[in-house]
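Some notes on the structure that comes next.
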RNA sequence: GCCAGAGUAGCUCAGUGGUAGAGCAGAGGACUCAUAAGCCUUUGGUCGCCGGUUCAAUCCCGGCCUCUGGCACCA
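In our numbering, the protein residues as written are 634 to 1164.
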């Protein structure tokens, strides 16, 4: 069985989860679920980054121990995974012993090899912000901004990692591995970055300045800083006998935000691994950001909508659907609650949810609640089956290319076609006919709509696993163990007993006529005709 | 400044060397199994601007404008 290891970035616990965290987890989860369905042995890791100055300061502000602070806030991130139905196999925290041990082991290994050395670092230090400043932090007139308070030039001794020794190696590696970074154009950014000479990387902080970190094994007066702590999580979580578990390493995908691609994941990380004698990752997937231009405006009026509230209101599957359907992986996209409601109503409630409900109702009314076998194949059936063949052919390549938004789009084209098929057959008319041929067509139409619904449900599974299960259950069906065997058009449903009715995606209550932007009013009902 | 991405119907986007497409929104219609859902029909665009190559460019080339992101020790 092929193994497939993928990770999200670990989230910094000095703050609450937001849409960006949610998206990264959902995207990674969709890939993970898809690979599992394709038969891979998946290992999906996520977690939290808990060290550093900000955590130390936040804990102090609350008057609690940093560890206690981490214990509390990391729970929020775990809760987010549960809420979004994330199927991670592991959740790592950088304050765990298993992690700290590996960090120290690798630091020692590099120190022994001479990859880490001690040197003086001279710079401008802000006591108030407890950090070194950069030349770019200066105001145009050369002074330092007010927020830094008193700035003094100090010299500090620190440990450095010989990054620049590996610059040529990395450039060559990127040439040989053109698909190291997805999307491709981001790899160009990395190559561009490497045209400038690298400096060695400062990897320590003196403990008097930063207490909350992992002490260097060869000098306990220092803790390691940021990258040699956080990035290591990807291997510390699967550490086995002095190396990352060969069943999973090298990792198939590190899913990260575009903001931490260059330089941390695309430069520091491969070089760190190379220096340790460990293989680099197979690929990095840098996703874009959700912009919330609309939210900023409403914030000023105090009406800010937290996107994560939509999960509670509409369910994890609907939320996941929106994120995956709207975002072209790698690009940025705009998030708006209005847009969300429009998609929810149109795709999920009207097209899919309503289709499920009407299929169940017709099967009960015209078929006695049991899905009959198809008996004829005329133009309407042929058209629908042809479309399925086309959908099936396109689906897998799209998913393999991470084009999940397109894969969903094709699947919903098929869903719409099922609705159109039903109109063509009009079982409610066939039901009134006593002709044997019409009765055969009626049974065929019930079988066809049920089967096509089963197939559509199968294809939405990586994105909306709960919905797939509900639809299959409503059809009285339990999917087999091998997903790909579920893809072809079949007679698997013959004789299945269906449920009474099922409203999967209830339409939201009409928005209260509160001031300002009322989101997505439901369409005005048409007046029923008199008579 | 440098690098990259993007500028196509009201909105979100697809697209090909031969006088433009989808979904949503809008308009009209027939139906009733259904979450007043679904189906059918339909109104919208000098495809950022200016040149060039070509029989022919939205798609090729050059220039320009606008937007977004990155340009290191900051999660």
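Beta carbons: idealized from backbone N, C-alpha and C, even for Gly.
Only buried fits residue 1055, as 16 or more other CB atoms lie within 10 angstroms of its CB. For residue 638 against residue 881, the beta-carbon gap comes to about 4 Å, under 8 Å, which counts as contact. Looking only at 721, 1024, 793 and 1049, the smallest Cα-Cα distance to residue 1122 is reached by 1024. According to DSSP, residue 680 shares a beta bridge with 725. Straight across, the Cα-Cα distance linking residue 985 with residue 974 is about 15 Å. For residue 855, the uninterrupted beta strand (DSSP E) run begins and ends at 852-857, by DSSP.
Cβ-Cβ distances below 6 Å link residue 1005 to 1076, 1079 and 1080 in the same chain, with the five nearest sequence neighbours on each side left out; the list follows chain order. When DSSP states are grouped into helix, strand and coil, residue 974 belongs to the helix group. Beta bridge pairing from DSSP links residue 639 with 677 and 886. With contacts defined by Cβ atoms closer than 8 Å, residue 864 and residue 831 do not form a contacting pair. Judged by pairs of C-beta atoms under 8 Å, the region 986-1006 touches the region 1132-1142, as three or more such pairs exist. By DSSP's assignment, residue 764 forms a beta bridge with 759.
Cβ-Cβ distances below 6 Å link residue 644 to 654, 681 and 710 in the same chain, with the five nearest sequence neighbours on each side left out; the list follows chain order.
Around residue 908, the same chain offers 743, 748 and 799 as residues with beta carbons nearer than 7 Å, after the five sequence neighbours per side are excluded.
Note: residue 815 is bridge-paired with 918 in the DSSP secondary-structure output.
Between the beta-carbon of residue 918 and that of residue 898 there is about 10 Å, and that puts the pair past the 8 Å contact cut.
Short of 7 Å from the beta carbon of residue 649, and not among the five residues preceding or following it, lie these beta carbons of its own chain, in chain order: 709. Put simply, the backbone Cα of residue 739 is about 9 Å away from that of residue 905. Under the 10 Å beta carbon count, residue 969 is surrounded by 16 or more other beta carbons and is classified as buried. Judged by DSSP in its simplified three-state form, residue 1051 adopts helix.
Under the DSSP definition of a beta bridge, residue 754 partners with 789.
Closest by C-alpha distance to residue 662, out of 1037, 1051, 818 and 1007, is 1037. In terms of Cβ geometry, residue 1131 and residue 1074 do not form a close pair [threshold 8 Å]. For the pair residue 1044 and residue 1026, the Cα-to-Cα distance works out to about 11 Å. In the DSSP assignment, residue 1013 falls outside any beta strand (DSSP E) and lies within the alpha helix (DSSP H) extending over 1012-1033.
With fewer than 16 other beta carbons inside 10 angstroms of its own, residue 817 counts as exposed. Counting along the chain, the unbroken alpha helix (DSSP H) around residue 903 starts and ends at 902-909. Assignment of beta-bridge partners to residue 876 by DSSP yields 873.
The region 953-960 and the region 1082-1098 touch, with three or more beta-carbon pairs separated by less than 8 Å. Rounded to the nearest whole angstrom, the C-alpha separation of residue 672 and residue 665 is 11 Å. Take residue 792, set aside five residues on each side of it, and the residues of its chain with a beta-carbon closer than 6 Å to its own are 749, 751, 836 and 837, in chain order. Per DSSP, residue 839 lies in no alpha helix (DSSP H) segment; the continuous beta strand (DSSP E) that holds it begins and ends at 837-839.
The three-state secondary structure of residue 862, taken from DSSP, is helix. Collapsing the DSSP output to three states places residue 794 in a strand.
By alpha-carbon distance to residue 1017, the top candidate from 953, 1088 and 1041 is 1088.
Distances from the alpha-carbon of residue 922 to those of 876, 954, 885 and 966 put 966 closest.
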